[in-house]
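Below is one structure, written out as structure tokens; the observations come after it.
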Amino acid sequence: MSATVGNDTGDARRAGLRRAGRRPVTSRPEIEHIALEMFSEQGFEHTTVDDVAHAAGIGRRTFFRYYASKNDVAWGNFDEQLDRMREVLAAQPAGLPALEGIRRAVLDFNRVEPAEQPWHRRRLRLILQTPALQAHSTLRYGAWRQVVADHVALRRGEPASALVPQSVGHACLGVCIAAYERWLADDAAELTDLLDRVFRSLERGWGTELA
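And the structure:
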């Protein structure tokens, strides 16, 4: 009997998650918006795949057609964005300093349509401030750093595993995360402005700035 009561309660809770009159959704952005809203309202750890699928009016199979796990929802179309970043880096003029080319690619990577800005804030806040996502985020950070390291290695004619390419990847990710955290703390700030500023500082070198 207790199991039946628990199931009834869970079904009622999940039924309440779906907005009245909401049509089933099948696009990635729509599913992500619903999930991000639920993560914000009731917490990432307390929101299940079934909760998200029910609220979106889709089945588990459809959910997993887009995402390998609940953790991947926070990252959206990250793999496609990395492919775009590789393309932008590859298109930079041969004579352009490597860090300037990376700055351009990072700005392109982080440009978000105005209507998507509030959702992007929720996404970054979830990624940066949710302990349950940290292990998964480490893998994503590693993939991002490798794109940068590959580019630097190609420019220098050395393996991507070499010290300098790997160090540049870590440094660039570090300044990005610092800019993201600053953006989350200041509603009036523009993310691309913060990224542009910190990358230009990195390009100049911090020796004189920290003297």
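Position 36 of the sequence shown, counted from 1, bears residue number 126 in this note's numbering, the numbering being contiguous throughout. Using N, Cα and C, we set each Cβ at its ideal position, and we do this for glycine too. Just so you know, these numbers come straight off a predicted model, no measurement behind them.
Anticipated Cβ contact below 8 Å, residue i with residue j, distance rounded
i          : j          : result
valine 288 : valine 258 : Incorrect: roughly 14 Å between the Cβ atoms, too far for contact.
valine 242 : valine 254 : 7 Å
Identity of the residue in the options nearest residue i by Cα
i              : options                           : result
aspartate 240  : Tyr231, Asp283 and Ala250         : Ala250
proline 187    : Arg290, Tyr231 and Leu263         : Arg290
isoleucine 217 : Asp283, Tyr270 and His260         : Tyr270
alanine 222    : His136, Glu120, Ile121 and Glu127 : His136
alanine 278    : Gln207, Leu197, Arg246 and Arg194 : Gln207
tyrosine 156   : Glu120, Glu127, Phe129 and Ala184 : Glu120
Where residue i falls: helix, strand or coil (DSSP)
i              : result
alanine 268    : helix
tryptophan 165 : helix
glutamine 224  : helix
glycine 259    : helix
threonine 137  : coil
tyrosine 156   : helix
8 Å Cβ cutoff met for residue i and residue j
i              : j                 : result
leucine 281    : asparagine 161    : no
tryptophan 273 : arginine 230      : no
threonine 220  : phenylalanine 134 : yes
arginine 235   : leucine 263       : yes
Close-in-space but distant-in-sequence residues of the same chain around residue i (CB under 6 Å, 5 per side omitted)
i           : result
alanine 125 : Val142 and Val163
Cut-off 7 Å between Cβ atoms - residues of its own chain near residue i, not counting five sequence neighbours on either side
i           : result
glycine 191 : Leu179 and Gln182
Residue i Cβ short of 7 Å to the ligand SAH heavy atom set
i          : result
valine 238 : Of ligands this structure carries none, so the ligand SAH is not represented either.
Contacting residues, own chain, Cβ-Cβ under 8 Å from residue i (five flanking each side not counted)
i              : result
methionine 128 : Leu107, Thr137, Asp141, Val142 and Ala145
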